Amino acid sequence: MALNGGADEAEARRERQDRASRAMGGLLLRGYRMLGSACPRCGTILLQDKEQRLLCVTCQDPEGDLGRGLRIWGGEGPLPSHSPPLLSPPPPPAAPPPPAPRPEHCEGAAAAFRGAAPGPPEPPEPPESPGGGAVGAARAALLQKLLWAAQELPRTASLEASAQLCGLVRACADALGGLQALDPPPGTAQPPPKP
1 MALNGGADEA EARRERQDRA SRAMGGLLLR GYRMLGSACP RCGTILLQDK EQRLLCVTCQ
61 DPEGDLGRGL RIWGGEGPLP SHSPPLLSPP PPPAAPPPPA PRPEHCEGAA AAFRGAAPGP
121 PEPPEPPESP GGGAVGAARA ALLQKLLWAA QELPRTASLE ASAQLCGLVR ACADALGGLQ
181 ALDPPPGTAQ PPPKP
């Protein structure tokens, strides 16, 4: 029965990561910014709203909180529902640890970037994206985060951090797909309107 318990745990973890990815994608489309720092409690990438408040979609139940208007950490104390530590970027490691094997669900994303030379720690600004306005700005921000996550994935030794980066890549890709449906790039054939 131990094998079944492990499978149940893995399935529950996958479901939590999927919920967090969907929540992140929805919040990114609503104007939240994805930060380069992670929650010290669970390691999930943090989001920030326009009032500079931080949000961890894993520690703050995405299903419940997002549906009820969000309980967002305002920076005055610890995240609701758990005690300190305060949210701040973790200290940089002294030396990068040796790479660890990647889970098979990350291999596709990692394989695409294995031959690339290591990039700068901060993602470069993407070129002007088609479709100006809010959709263009959202697309540019998502592409920047996607590039950052793709560059970090080969350097990440932790299995949990790799899974988080894969979730971030998936959330960015899903959000980009949603943006493309709103405003397809120029030159893309659009179906004729239905009569």
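The opening position of the sequence shown corresponds to residue 1 in the UniProt record's numbering, with each subsequent residue numbered one higher.
All C-beta atoms, glycine included, are put in the ideal place defined by N, C-alpha and C.
This structure is a prediction, so every number in the text was calculated from the model and none was measured.
#### Entry: For Arg155, the three-state DSSP class (helix, strand or coil)
To locate residue 155, count along the sequence shown from 1; it is residue 155. When secondary structure is reduced to three states using DSSP, Arg155 falls in the helix class.
### Message
Taking the straight line between their C-alpha atoms, what separation do you get for Asp49 and Arg19?
### Response
Residue mapping note: residue 49 aligns to position 49 of the sequence shown, counting from 1. Residue mapping note: residue 19 aligns to position 19 of the sequence shown, counting from 1. About 19 Å.
### Message
Check whether the region 146–162 and the region 25–33 are in contact - that is, three or more C-beta pairs closer than 8 Å.
### Response
no
### Query
Between which two residues does the beta strand (DSSP E) harbouring Arg30 extend?
Within the sequence shown, residue 30 is the residue found at index 30, counting from 1. From DSSP, Arg30 is part of no beta strand (DSSP E); its letter is neither H nor E.
### Task
Can you give me the Cβ contacts of Gly178 inside the same chain, cut-off strictly under 8 Å, excluding the 5 residues immediately before and after it?
To locate residue 178, count along the sequence shown from 1; it is residue 178. Once the five neighbours on either side are set aside, the close Cβ partners of Gly178 are Gly25, Leu29.
### Message
Is it buried or exposed, Leu55, if we count other Cβ atoms within 10 angstroms and call 16 or more buried?
### Response
As a working mapping, residue 55 is identified with position 55 in the sequence shown. It is buried - the Cβ of Leu55 has at least 16 other Cβ atoms within 10 Å.
### Query
In three-state terms, what does DSSP make of residue 223?
Because the chain here runs from 1 to 195, residue 223 falls outside it and cannot be looked at.
### Query
Looking at Glu152 and Leu143, is the spacing between their C-beta atoms short of 8 Å?
Walking along the sequence shown from the start, residue 143 turns up at place 143. Walking along the sequence shown from the start, residue 152 turns up at place 152. Not closer than 8 Å, so no.
### Task
Taking Ala140 as the reference, give the member of Ala175, Thr58, Asp8 with the closest Cα.
Here the question's residue 140 lines up with position 140 in the sequence shown. Out of Ala175, Thr58, Asp8, Ala175 has the C-alpha closest to the C-alpha of Ala140.
### Message
Here's the rule I'm using: 16 or more other beta-carbon atoms within 10 Å means buried, otherwise exposed. How should Gly167 be labelled?
### Response
Translated into positions along the sequence shown, residue 167 becomes position 167. Gly167 counts as buried, since at least 16 other C-beta atoms from the protein chains shown sit within 10 angstroms of its C-beta.
### Rounded C-alpha distance that separates Ala171 from Arg14
Residue numbering aside, residue 171 sits at position 171 when the sequence shown is read from its first letter. Residue numbering aside, residue 14 sits at position 14 when the sequence shown is read from its first letter. One C-alpha to the other measures close to 14 Å.
### Query
For Leu142, which residues does DSSP report across the bridge?
Start at 1 with the first residue of the sequence shown, and residue 142 comes out as number 142. Note: Leu142 sits in no beta bridge, so no partner.
### Message
Here's the rule I'm using: 16 or more other beta-carbon atoms within 10 Å means buried, otherwise exposed. How should Ser158 be labelled?
### Response
Here residue 158 is taken as the residue at index 158 of the sequence shown, counted from 1. Exposed, by the Cβ-count rule.
### Straight-line gap, Cys59 to Cys42 (C-alpha atoms, nearest Å)
Counting from 1 along the sequence shown, the entry for residue 59 is found at position 59. Counting from 1 along the sequence shown, the entry for residue 42 is found at position 42. So the two alpha carbons sit approximately 7 Å from each other.
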